[in-house]
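Student: Heads up: the protein sequence lines correspond to chains A and B, in order.
Counting from 795, one number per residue, gives the positions in the first sequence under the numbering used here.
Counting from 795, one number per residue, gives the positions in the second sequence under the numbering used here.
Protein chains: 2
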Amino acid sequence: MNRFMDRAETMVAESLDGFVAAHADLLMFCPERKCVRRRVMTPGKVGLISGGGAGHEPMHIGFVGTGMLDAACTGHIFSSPTPDQIVTAITQADTGAGCLLIVKNYDGDVMNFEMAAEMAAADHDIAVLLVGDDISDTHAKPSDRRGVAGTVLVEKLLGAAAETGMPLSALLSLGQALATRIFSIGVALRGASVPELRRPTFALSPGEMEVGIGIHGEPGCSRQRFEGAEATARMMCEHILAAAGSSLSGQGLLFINGFGATPPSELYLMHGHVRRILGEAGISVERSLVGTFATSLDMAGLSATLALLTDAEQALWDAAVHTAALRWS
Amino acid sequence: MNRFMDRAETMVAESLDGFVAAHADLLMFCPERKCVRRRVMTPGKVGLISGGGAGHEPMHIGFVGTGMLDAACTGHIFSSPTPDQIVTAITQADTGAGCLLIVKNYDGDVMNFEMAAEMAAADHDIAVLLVGDDISDTHAKPSDRRGVAGTVLVEKLLGAAAETGMPLSALLSLGQALATRIFSIGVALRGASVPELRRPTFALSPGEMEVGIGIHGEPGCSRQRFEGAEATARMMCEHILAAAGSSLSGQGLLFINGFGATPPSELYLMHGHVRRILGEAGISVERSLVGTFATSLDMAGLSATLALLTDAEQALWDAAVHTAALRWS
């Protein structure tokens, strides 16, 4: 299928151009366009940095702004930004209190962010937080879980905490605690088409659904028959509840995230199903986020994320945020 | 292709359920679920009401809240709400200063909203504003233009004006003036699939693009070869500039709207192209809106809308808004 681009080689740069132009009131390019940063930094606040491959927009560039990230790096499609890009982001975002790098748990991202942290360590206080919220692979150890849409929640919560003046070590601890209480699972009805190929990276027959999907075009953990929205919601909730296990307490934040080609009407329908089924299991959903925030190009599908928050964390969620993709006060 | 629903007959109601549950802090169902309304009305403010078929979410329900609409009615897929629904919305939203009905210019919507206005006229001051911003059909008289994504801008601007206490007659005049300076054109790379059919309402060959598309599954004004993003942006700008003609002054607000299945990365890329081409024509884009706001189910495509605003209207755009889909302060 066609898409709104010209050449695969220029797509990422042109999309970034349009993004920065649209939101020039709050953000700007770093030197040599190596990253996107807040227009105005807050001296003495810990700098929050994230990044990843292109094709996940608005993640992470859409979360740069007051109450969330200070800078974000974008690589090529589904490829980590380079250590050089990340070091530039650190240089831009460190106003004296150090930087926290929020990294989705994927090999390429982890390698490059850790390398950048090492390169910058002589001049900057750096901590690296890995987020692994994808609980679809029931055989994976928690430390092997991939970072997917739940990363958005971590960035919002830590962003609000950083605005209060929380120091680097405390932000890292908070992030590590949060990451154990955020559970995501994704499903797809059609795979992502990478610009070079112009066809889905995996093919589903009519009536099939890919379960436990990542966000880099790779197939999921299993392929199942699509039995409708409610059955899908029930299956997703079973995975989430099993993973949450004994930690099932706290205020529920339910996040339904579209992967790029699933319209709001379907996301809201699924939100209603998942919310009801979680409620039957005793989980009260106190906060909701529904929309297209962590995409996989034009994949048709969605993920459900449950975060179990303390009262203090819920207050961080409610705190003001002003970014391109999340904005409230 | 599959979609996240169970039965076509229940899809709209289930999606509305999920929507209202997700945003219960700011809105609620009207009696018998005939419409969605603000949880708290402002006594003495003119009530702003819109509505239309389902399948366009988040339009219009996503724009109910402070600074925008007081109530919104949703019909069946691509079908107008009934006069009975609209009368209920009027009863709910009229707090003493009357109601303005903001109606996209489509026969079914116009008929039902005007019938509702007549039914309610004995007990309420009512004015009806028709919005026709689709300039793709160069043979259509301005009064015959269809109402498409530009309606979102009208709802935001009038919503802000209503919050300042502007009376009904002045809101109608402002809306009529605005509607002559808002120009939209849409293109599609794949048609919408209505739930009953599960296939696109029109078929495009690879390499084809539908130009001048509406939002109800109908084909557009012409079918062209898709020549890439930049050529598409240029063609869209030519239409917009021709329609704007002599009224080409004021502050430009550029709105790139996704129709449901087009991801943010592509919307931003097109924003960049359209913005640059308008700039070459002397139009400075002072405000931007990029996202999926007025959809046609899962259609792959987008529209570009240029609004030419006075300084006072730009201030209305900047004014605080708190709805499910648009939120700033």
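A virtual CB, placed ideally from N, CA and C, is assigned to each residue, including glycine.
#1: Compile a chain-ordered list of the residues in the stretch 1064-1079 of chain A whose CB is closer than 9 Å to at least one CB of chain B.
#2: On the three-state DSSP scale, how would you describe A/I1009?
#3: What are the start and end residues of the alpha helix (DSSP H) that includes B/E1021?
#4: Assuming A/F798 and B/L1063 form a contact by the criterion Cβ under 8 Å, report the distance between their Cβ atoms to the nearest whole angstrom.
#5: Quick one: what's got a C-beta closer than 6 Å to A/I884's C-beta in the same chain, skipping five residues either side?
#6: Could you name the residues of chain A that B/F813 contacts, counting a contact when the two beta carbons are closer than 7 Å?
#7: Go to B/G1014, then tell me how far its alpha helix (DSSP H) extends in each direction, as first and last residue.
#8: Name, please, each residue of chain B whose Cβ falls closer than 8 Å to the Cβ of A/A891.
#9: Leaving out the 5 sequence neighbours to the left and right, which residues in its chain are closer than 8 Å to A/E949 when beta-carbon positions are compared?
#10: Hey, would you say B/G846 sits closer than 7 Å to B/K898, going by beta carbons?
#11: What residues match up with A/P994 in a beta bridge as DSSP calls it?
#12: What residues of chain A sit near B/W1122, judged by a beta carbon separation below 7 Å?
#13: With a threshold of 6 Å on Cβ separation, who are the neighbours of A/E957 within its own chain once the five nearest residues in sequence on each side are excluded?
#14: Which residues in the same chain as A/C1015 place their Cβ atom closer than 7 Å to its Cβ, once the five residues preceding and following it in sequence are excluded?
#15: Rank A/E1060, A/E1074, A/K828 by C-alpha distance to the C-alpha of A/L1035 and give the top, closest one.
#16: Under a Cβ-count criterion, where at least 16 other Cβ atoms within 10 Å of its own Cβ denotes burial, should A/V754 be classed as buried or exposed?
#17: Could you check how far apart the C-beta atoms of B/A1098 and B/A982 are, in whole angstroms? I think they sit under 8 Å.
#18: Name the chain B residues that come within less than 7 Å of A/L1103, Cβ to Cβ?
#19: What are the partner residues of B/H1067, as DSSP defines its beta bridges?
#20: What does B/M1030 touch in chain A if you count any residue whose Cβ is under 7 Å from its own?
#21: So for A/S963, helix, strand or coil by DSSP?
#22: Could you check where the alpha helix (DSSP H) with B/F907 kicks off and where it finishes?
#23: Are the CB atoms of B/P1154 and A/P852 nearer to each other than 7 Å?
#24: I think A/L774 touches A/A1038, with their Cβ atoms under 8 Å apart; what is that distance to the nearest whole Å?
#25: Distance, Cα to Cα, A/R992 vs B/L1102?
#26: Who are the neighbours of B/T1089 on chain A, taking C-beta pairs under 9 Å?
#27: Contact criterion: CB-CB distance below 7 Å. Does A/E1021 meet it with respect to chain B?
#28: Hey, quick one: how far does the alpha helix (DSSP H) through B/L952 stretch, first residue to last?
#29: So, is A/K935 buried or exposed, given that buried needs 16 or more other C-beta atoms within 10 angstroms?
#30: Along the beta strand (DSSP E) that carries A/G812, what are the first and last residues, could you check?
#31: Given a cut-off of 7 Å on the beta-carbon distance, is the pair A/E1107 and A/A802 in contact?
#32: Is B/S978 buried or exposed, if buried means 16 or more other CB atoms sit within 10 Å of its CB?
#33: For A/M805, which residues in the same chain have their Cβ closer than 7 Å to its Cβ, ignoring the five residues on either side in sequence?
#34: In whole angstroms, what is the alpha-carbon distance linking B/L998 and B/G985?
#35: Is the shortest distance between the beta-carbon of B/F798 and the beta-carbons of chain A less than 7 Å?
#36: Taking all protein chains shown into account, do 16 or more other C-beta atoms lie within 10 angstroms of the C-beta of B/M905, making it buried, or fewer, making it exposed?
Tutor: Put simply:
#1: Look at the stretch 1064-1079 of chain A: the residues with a C-beta under 9 Å from a C-beta of chain B are M1064, H1065, G1066, H1067, V1068, R1069, R1070, V1079.
#2: Reading the first sequence from its first residue, position 215 is the one you call residue 1009 of chain A. Here A/I1009 sits in coil by DSSP.
#3: For this step, residue 1021 of chain B is matched to residue 227 along the second sequence. Note, B/E1021: premise wrong, no alpha helix (DSSP H); not H, not E.
#4: What you label residue 798 of chain A is simply residue 4 of the first sequence in a count that begins at 1. What you label residue 1063 of chain B is simply residue 269 of the second sequence in a count that begins at 1. At roughly 6 Å, the Cβ-Cβ gap stays under 8 Å, so A/F798 and B/L1063 are in contact.
#5: Locating residue 884 of chain A in the first sequence gives position 90, counting from the first residue. Cβ neighbours of A/I884 beyond the five flanking positions: C893, A914, H918.
#6: Translated into the one-based positions of the second sequence, residue 813 of chain B becomes position 19. Ordered by position in chain A, the residues that pass the 7 Å Cβ test against B/F813 are Y1062.
#7: On the second sequence, residue 1014 of chain B is found 220 positions in, with the first residue counted as 1. Taken as a continuous stretch (DSSP letters only), B/G1014 belongs to no alpha helix (DSSP H), as it is neither H nor E.
#8: The sequence position of residue 891 of chain A within the first sequence is 97, counting from 1. In chain order: nothing, as chain B lies at least about 27 Å away.
#9: Here the question's residue 949 of chain A lines up with position 155 in the first sequence. Annotation for A/E949: L842, S844, H854, F857, M862, L863, I896 place their beta carbon closer than 8 Å to its own, counting only its chain and skipping 5 residues before and after.
#10: In the second sequence, residue 846 of chain B corresponds to position 52, counting from 1. In the second sequence, residue 898 of chain B corresponds to position 104, counting from 1. Result yes, Cβ atoms of B/G846 and B/K898 sit closer than 7 Å.
#11: Within the first sequence, the letter at position 200 stands for residue 994 of chain A. Paired residue(s): A/S987.
#12: Position 328 of the second sequence, counted from the first residue, corresponds to residue 1122 of chain B. Those are R1121, listed as they occur along chain A.
#13: Here the question's residue 957 of chain A lines up with position 163 in the first sequence. Excluding residues within five positions, the ones whose Cβ falls inside 6 Å are G861.
#14: Counting from one through the first sequence, the residue named residue 1015 of chain A turns up at place 221. So the list reads S930, D931, V1005, G1006, once near-sequence residues are dropped.
#15: If you number the first sequence from 1, residue 1035 of chain A lands on position 241. When C-alpha distances from A/L1035 are compared across A/E1060, A/E1074, A/K828, the shortest belongs to A/E1074.
#16: An answer regarding residue 754 of chain A cannot be provided, because it is not within the stretch 795 to 1123 covered by chain A.
#17: The sequence position of residue 1098 of chain B within the second sequence is 304, counting from 1. The sequence position of residue 982 of chain B within the second sequence is 188, counting from 1. The Cβ separation is near 13 Å, so there is no contact.
#18: Within the first sequence, residue 1103 of chain A is the residue found at index 309, counting from 1. For A/L1103, no chain B residue has a Cβ inside 7 Å of its Cβ, as the nearest lies near 16 Å away.
#19: Stepping through the second sequence from its first residue, residue 1067 of chain B is reached at position 273. Under DSSP, B/H1067 forms no beta bridge with any residue.
#20: The residue labelled residue 1030 of chain B in the question sits at position 236 within the second sequence. Going along chain A, no residue has its Cβ under 7 Å from B/M1030, so there is no contact; the nearest lies around 11 Å.
#21: Stepping through the first sequence from its first residue, residue 963 of chain A is reached at position 169. Helix at A/S963.
#22: Here residue 907 of chain B refers to the residue found at position 113 of the second sequence. For B/F907, the enclosing alpha helix (DSSP H) begins and ends at 901-914.
#23: Because chain B in this structure spans residues 795 to 1123, residue 1154 of chain B falls outside the shown range and cannot be described.
#24: This structure does not reach residue 774 of chain A, given that chain A is present from 795 up to 1123, and the question cannot be answered.
#25: Here residue 992 of chain A refers to the residue found at position 198 when the first sequence is read from its first residue. Here residue 1102 of chain B refers to the residue found at position 308 when the second sequence is read from its first residue. Between A/R992 and B/L1102, the C-alpha separation is close to 37 Å.
#26: Translated into positions along the second sequence, residue 1089 of chain B becomes position 295. Neighbours of B/T1089 on chain A, chain order: P1057, P1058, S1059.
#27: Mapped onto the first sequence, residue 1021 of chain A falls at position 227. By this cut-off, A/E1021 is not an interface position.
#28: To locate residue 952 of chain B, count along the second sequence from 1; it is residue 158. Note, B/L952: alpha helix (DSSP H), 944-957.
#29: Residue mapping note: residue 935 of chain A aligns to position 141 of the first sequence, counting from 1. With fewer than 16 other CB atoms across the displayed protein chains lying within 10 angstroms of its CB, A/K935 is exposed.
#30: Numbered from its first residue, the first sequence carries residue 812 of chain A at position 18. Counting along the chain, A/G812 falls outside any beta strand (DSSP E), though it belongs to the alpha helix (DSSP H) covering 802-816.
#31: The count along the first sequence starts at 1 and reaches residue 1107 of chain A at position 313. The count along the first sequence starts at 1 and reaches residue 802 of chain A at position 8. Their beta carbons are not under 7 Å apart, which means A/E1107 does not touch A/A802 by this criterion.
#32: As a working mapping, residue 978 of chain B is identified with position 184 in the second sequence. Per the 10 Å Cβ criterion, buried.
#33: Counting from 1 along the first sequence, the entry for residue 805 of chain A is found at position 11. Closer than 7 Å at the Cβ level, and outside the excluded window around A/M805, lie M799, P989.
#34: Taking the first residue of the second sequence as position 1, residue 998 of chain B is located at position 204. Taking the first residue of the second sequence as position 1, residue 985 of chain B is located at position 191. Those two C-alpha atoms are separated by around 8 Å.
#35: As a first step, residue 798 of chain B is located in the second sequence; it is residue number 4 there, counting from the start. Yes, because at least one Cβ of chain A sits closer than 7 Å to the Cβ of B/F798.
#36: Within the second sequence, the letter at position 111 stands for residue 905 of chain B. B/M905 should be labelled exposed.
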